[in-house]
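Trainee:
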Amino acid sequence: MEHIFGRDHYRVIALIARIADISPEEAGQVTTAWKRTSPADRAKAWTELVRTTTETERYQILAAASLARREALAAAHRMQRMDWAFWAAASDAAAAVAAGPEIGNPYQTLTAPLATVMPSLAGRQAPADTSAADVTTAGRGGARTRKSASTP
Amino acid sequence: MNNPIRELSDAFPDAVVIVDSQGKTIAANAQAASLFGYNERELTNMPVKALFPGQLLTVPRQRSGREDTGRYFEVVGTRSDSTRFPAVAAWMPVLVDHFVAAVLTIRVIAESQSAQFVLSRGLETLIWEGQDRQALLRYLIRAREEERARIAADIHDDAIQVISAASLRAQQLGLQLRDPIARQVLGKLQETLNLSLDRLRQLIFDLRPPDLESGRLAAALRAYLEEMRSDSGIVYKLNDKMTAQAPDPVALLIYRNVREALTNVRKHARARTVTVELLDIEDGCLARVVDDGVGYDPAEVEARPGHLGLVLIKERAELAGGWCRIESCPGAGTTVEFWVPLAESFAEPGAGRGRAG
Numbered sequence: 001m002e003h004i005f006g007r008d009h010y011r012v013i014a015l016i017a018r019i020a021d022i023s024p025e026e027a028g029q030v031t032t033a034w035k036r037t038s039p040a041d042r043a044k045a046w047t048e049l050v051r052t053t054t055e056t057e058r059y060q061i062l063a064a065a066s067l068a069r070r071e072a073l074a075a076a077h078r079m080q081r082m083d084w085a086f087w088a089a090a091s092d093a094a095a096a097v098a099a100g101p102e103i104g105n106p107y108q109t110l111t112a113p114l115a116t117v118m119p120s121l122a123g124r125q126a127p128a129d130t131s132a133a134d135v136t137t138a139g140r141g142g143a144r145t146r147k148s149a150s151t152p
Numbered sequence: 001m002n003n004p005i006r007e008l009s010d011a012f013p014d015a016v017v018i019v020d021s022q023g024k025t026i027a028a029n030a031q032a033a034s035l036f037g038y039n040e041r042e043l044t045n046m047p048v049k050a051l052f053p054g055q056l057l058t059v060p061r062q063r064s065g066r067e068d069t070g071r072y073f074e075v076v077g078t079r080s081d082s083t084r085f086p087a088v089a090a091w092m093p094v095l096v097d098h099f100v101a102a103v104l105t106i107r108v109i110a111e112s113q114s115a116q117f118v119l120s121r122g123l124e125t126l127i128w129e130g131q132d133r134q135a136l137l138r139y140l141i142r143a144r145e146e147e148r149a150r151i152a153a154d155i156h157d158d159a160i161q162v163i164s165a166a167s168l169r170a171q172q173l174g175l176q177l178r179d180p181i182a183r184q185v186l187g188k189l190q191e192t193l194n195l196s197l198d199r200l201r202q203l204i205f206d207l208r209p210p211d212l213e214s215g216r217l218a219a220a221l222r223a224y225l226e227e228m229r230s231d232s233g234i235v236y237k238l239n240d241k242m243t244a245q246a247p248d249p250v251a252l253l254i255y256r257n258v259r260e261a262l263t264n265v266r267k268h269a270r271a272r273t274v275t276v277e278l279l280d281i282e283d284g285c286l287a288r289v290v291d292d293g294v295g296y297d298p299a300e301v302e303a304r305p306g307h308l309g310l311v312l313i314k315e316r317a318e319l320a321g322g323w324c325r326i327e328s329c330p331g332a333g334t335t336v337e338f339w340v341p342l343a344e345s346f347a348e349p350g351a352g353r354g355r356a357g
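Residue numbers (this note's numbering), protein chains in the order written: chain A, 1 to 152; chain B, 1 to 357.
Take a look at the structure:
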């Protein structure tokens, strides 16, 4: 599964598996939290994700986001609670988990809404040095250089 | 066979078969006998290939330290009753009584592991096919732009010139005609020629909006929104908060994507208002198209083919190194937002050429 969802594939799969168990009340919490996040911050976080990753990693991030979105959409149907903020939140969180917490602030921004019902997502803090100018992390295909993960 | 090796192989949890350089079994442990359904004596001298019919098994002939020894590979074993089972196996050359033999370790794949293999291979195939589909779409997007540019140039350089020349000649002819009926017919002919010219110029405008050529993305979008308002009555709001100017190819991509989203609003949304926003985000442009229409159920719409417009919006944004989100649900309108970097990280064919109109 690593080549599909990246090096954090276990966490991605765990997240996707957990979506099916979300209760209607929890879905409401996630939706509220997602709507509270500034759209500009979310856009910046996504932009950071695509700018700091290789094409292969981007494919893995999008695969994780897409599958999580589908699971959340199916869960929303089961709960008869159709609000697209819910599956958007699941998609955001899965993308951030696939990218890894090294991305810093975007990780927090994108996982925060789902983390209201999956506290383990918030447990993975960004490394302290992500505010530095450059952070080099070992990606699946070798080392990759990431720009600052901070958002202006 | 010396006893230490025999004792060692019997202590293994996996099936172990010791093979000579000719590929014949010298010895097998109890686990191998049980797995293949033979007794240990029956297994002795049996060609190892008989246990894995139809599969290429190369017996290592020396202790070469080759990388492929000691590594597991997938095989399908065949029992004495001809039933088959999936397994993984690994070769390891050993020195037995002063000659080199090879130890073949066989581990049966449990049903769940087997299913995981199948699933994993299925997913790999899907990924390859997904990548092929993406490459094809990208090729189509490029081809479409090239074709648009070519058609616009052809219309300008050929059809418009020819019709303009015909119109001029008709005017000259009009000066010589005295018969009022003939002059009336010629007048109609000139009207028709002028109408054709107008239509061709409109077509060029649609293919390559002139405002885009002068770097005015918002003006080009406003022109389209205005046309949409007068055709369909959908009220629009355009918030252009971009301070940076997008290079031509990027502006063309943003224009195409917003226009595609607006075409969907026009055709399907039954919206009363639509808001288009252009924002500066992280050295790129975030474009957002939000309508207050009937929305749709993504589970239903995305499951059926034929929503190529939405796919193209997404692919164009990703091709440019950006991202895209298209969300909706019944009764909640539709939101299309995408971000593309302003630096030209892609080649939009045809962009940047001289305007044809």
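Heads up, the beta-carbon is just placed ideally off N, CA and C, and yes, glycines get one too.
Could you check whether the Cβ of residue 272 of chain B sits closer than 7 Å to any heavy atom belonging to the ligand ZN?
Mentor: The ligand ZN is not part of this structure, which contains no ligands at all.
Trainee: Within the 8 Å Cβ cut-off, does residue 123 of chain B reach chain A?
Mentor: The count along the second sequence starts at 1 and reaches residue 123 of chain B at position 123. By this cut-off, residue 123 of chain B is an interface position.
Trainee: What does DSSP give as the partner residue(s) for residue 89 of chain B in the beta ladder?
Mentor: Here residue 89 of chain B is taken as the residue at index 89 of the second sequence, counted from 1. Note: residue 89 of chain B sits in a beta bridge opposite B/73 and B/106.
Trainee: How many angstroms separate the CA atom of residue 77 of chain B from the CA atom of residue 21 of chain B?
Mentor: For the purposes of this step, residue 77 of chain B is taken as the residue at position 77 of the second sequence. For the purposes of this step, residue 21 of chain B is taken as the residue at position 21 of the second sequence. Cα to Cα, the separation comes out at about 21 Å.
Trainee: Is residue 45 of chain B helix, strand or coil by DSSP?
Mentor: Taking the second sequence and counting its residues from 1, the one referred to as residue 45 of chain B is at position 45. Here residue 45 of chain B carries a coil assignment [DSSP, helix/strand/coil].
Trainee: I want to verify the contact list: residues of chain A whose CB lies under 9 Å from the CB of residue 330 of chain B, in sequence order.
Mentor: Translated into positions along the second sequence, residue 330 of chain B becomes position 330. The answer, in chain order, is 82.
Trainee: How would you write the range of the alpha helix (DSSP H) that residue 166 of chain B sits in, first residue to last?
Mentor: Locating residue 166 of chain B in the second sequence gives position 166, counting from the first residue. It spans 160 to 176 - the alpha helix (DSSP H) in which residue 166 of chain B sits, taken as one unbroken run.
Trainee: Residues of chain B with a CB under 8 Å from the CB of residue 9 of chain A: which are they?
Mentor: Walking along the first sequence from the start, residue 9 of chain A turns up at place 9. Near residue 9 of chain A there are no residues of chain B at all, since even the closest Cβ is about 11 Å away, more than 8 Å.
Trainee: Please report the straight-line C-alpha distance between residue 142 of chain A and residue 103 of chain A, rounded to a whole angstrom.
Mentor: The residue you call residue 142 of chain A lines up with position 142 of the first sequence. The residue you call residue 103 of chain A lines up with position 103 of the first sequence. With a pLDDT of only 36 at residue 142 of chain A, under 50, the local geometry of the prediction cannot be trusted, and the value read off the model is given with reservation. Each residue's Cα considered, the two are about 16 Å apart.
Trainee: For the structure I just gave you, are there three or more beta carbon pairs, one from the region 314 to 328 of chain B and one from the region 285 to 303 of chain B, closer than 8 Å?
Mentor: yes
Trainee: Is the Cβ-Cβ distance between residue 285 of chain B and residue 340 of chain B less than 8 Å?
Mentor: Here residue 285 of chain B refers to the residue found at position 285 when the second sequence is read from its first residue. Here residue 340 of chain B refers to the residue found at position 340 when the second sequence is read from its first residue. Yes, these two residues count as a Cβ contact at 8 Å.
Trainee: Is it buried or exposed for residue 280 of chain B, if we count other Cβ within 10 angstroms and need 16 for buried?
Mentor: In the second sequence, the residue the question calls residue 280 of chain B occupies position 280. Classification of residue 280 of chain B: exposed, given that the 10 Å Cβ count is below 16.
Trainee: Candidates B/282, B/269 and B/260: which alpha carbon is nearest residue 314 of chain B's?
Mentor: Working through the second sequence from its first residue, we reach residue 314 of chain B at position 314. Of the listed residues, the one whose Cα sits closest to residue 314 of chain B is B/260.
Trainee: Hey, is residue 13 of chain B's beta-carbon within less than 8 Å of any beta-carbon in chain A?
Mentor: Residue 13 of chain B sits at position 13 when you count from the first residue of the second sequence. False, the Cβ-Cβ gap to chain A never drops below 8 Å.
Trainee: Let me make sure I understand the geometry here. Which of A/71, A/85 and A/63 has the alpha-carbon closest to that of residue 9 of chain A?
Mentor: Counting from 1 along the first sequence, the entry for residue 9 of chain A is found at position 9. It is A/63 whose Cα lies nearest to the Cα of residue 9 of chain A.
Trainee: Mind pulling the chain B residues with CB within less than 7 Å of residue 4 of chain A?
Mentor: Numbered from 1 along the first sequence, position 4 holds the residue referred to as residue 4 of chain A. Going along chain B in sequence order, the residues near residue 4 of chain A (Cβ under 7 Å) are 123 and 127.
Trainee: Please report the residue range of the alpha helix (DSSP H) in which residue 57 of chain B lies.
Mentor: The residue labelled residue 57 of chain B in the question sits at position 57 within the second sequence. Segment: none, residue 57 of chain B is in no alpha helix (DSSP H) and carries neither H nor E.
Trainee: Can you list the residues of chain B that residue 75 of chain A reaches, using a CB-CB cut of under 8 Å?
Mentor: Residue numbering aside, residue 75 of chain A sits at position 75 when the first sequence is read from its first letter. Within 8 Å Cβ-Cβ: nothing; residue 75 of chain A doesn't reach chain B, min ~11 Å.
Trainee: Should residue 67 of chain A be labelled buried (16 or more other beta-carbon atoms within 10 Å of its own) or exposed?
Mentor: For this step, residue 67 of chain A is matched to residue 67 along the first sequence. Per the 10 Å Cβ criterion, buried.
Trainee: Between residue 266 of chain B and residue 292 of chain B, is the Cβ-Cβ spacing less than 8 Å?
Mentor: On the second sequence, position 266 is the one that residue 266 of chain B refers to. On the second sequence, position 292 is the one that residue 292 of chain B refers to. For residue 266 of chain B and residue 292 of chain B, no; Cβs fall outside 8 Å.
Trainee: With a threshold of 8 Å, are at least 3 pairs of Cβ atoms found where one atom belongs to the region 4 to 14 of chain B and the other to the region 24 to 39 of chain B?
Mentor: yes
Trainee: List the whole-angstrom C-beta distance separating residue 207 of chain B from residue 167 of chain B, where the pair is believed to meet the contact cut-off of C-beta under 8 Å.
Mentor: Here residue 207 of chain B corresponds to residue number 207 of the second sequence, with the count starting at 1. Here residue 167 of chain B corresponds to residue number 167 of the second sequence, with the count starting at 1. Actually they do not touch by this definition, with Cβ atoms about 22 Å apart.
Trainee: Can you tell me which residues form a DSSP beta bridge with residue 239 of chain B?
Mentor: Here residue 239 of chain B is taken as the residue at index 239 of the second sequence, counted from 1. According to DSSP, residue 239 of chain B bridges with B/277.
Trainee: Along chain A, which residues have their Cβ under 7 Å away from the Cβ of residue 53 of chain B?
Mentor: Counting from one through the second sequence, the residue named residue 53 of chain B turns up at place 53. The contacting residues do not exist; residue 53 of chain B stays about 32 Å from chain A at best.
Trainee: Starting from residue 15 of chain B and walking both ways along the beta strand (DSSP E), at which residues does that stretch end?
Mentor: Against the second sequence, residue 15 of chain B aligns to sequence position 15. Segment 15 to 19, the beta strand (DSSP E) holding residue 15 of chain B.
Trainee: Please list the partners that residue 88 of chain A has in chain B, where partner means a Cβ-to-Cβ separation under 8 Å.
Mentor: Residue mapping note: residue 88 of chain A aligns to position 88 of the first sequence, counting from 1. Within chain B, the residues near residue 88 of chain A are 325 and 327.
Trainee: Return the bridge partner residues of residue 24 of chain B from the DSSP annotation.
Mentor: The residue given as residue 24 of chain B occupies position 24 in the second sequence. Bridge partners of residue 24 of chain B: B/47.
Trainee: Which residues of chain B have a Cβ atom closer than 8 Å to the Cβ of residue 97 of chain A, listed in chain order?
Mentor: Numbered from its first residue, the first sequence carries residue 97 of chain A at position 97. Residue 97 of chain A does not reach chain B, its nearest Cβ partner there being about 16 Å away, counting only Cβ pairs nearer than 8 Å.
Trainee: Using the C-alpha atoms, what's the distance from residue 123 of chain B back to residue 237 of chain B?
Mentor: For the purposes of this step, residue 237 of chain B is taken as the residue at position 237 of the second sequence. For the purposes of this step, residue 123 of chain B is taken as the residue at position 123 of the second sequence. Distance between the alpha carbons of residue 237 of chain B and residue 123 of chain B: 44 Å.
Trainee: Between the alpha carbons of residue 17 of chain A and residue 113 of chain B, how many angstroms are there, rounded?
Mentor: Mapped onto the first sequence, residue 17 of chain A falls at position 17. Mapped onto the second sequence, residue 113 of chain B falls at position 113. Each residue's alpha carbon lies about 19 Å from the other.
Trainee: Below 8 Å, how does it come out for the region 221 to 232 of chain B and the region 168 to 187 of chain B: are there three or more Cβ pairs, yes or no?
Mentor: no
Trainee: Over the uninterrupted alpha helix (DSSP H) stretch that includes residue 340 of chain B, give me the two end residues.
Mentor: The residue labelled residue 340 of chain B in the question sits at position 340 within the second sequence. Per DSSP, residue 340 of chain B is not a residue of any alpha helix (DSSP H); the beta strand (DSSP E) it occupies stretches across 334 to 341.
Trainee: With the cut-off set at 8 Å, would you say residue 46 of chain A and residue 85 of chain A are in Cβ contact?
Mentor: One-based indexing of the first sequence puts residue 46 of chain A at position 46. One-based indexing of the first sequence puts residue 85 of chain A at position 85. Contact: no.
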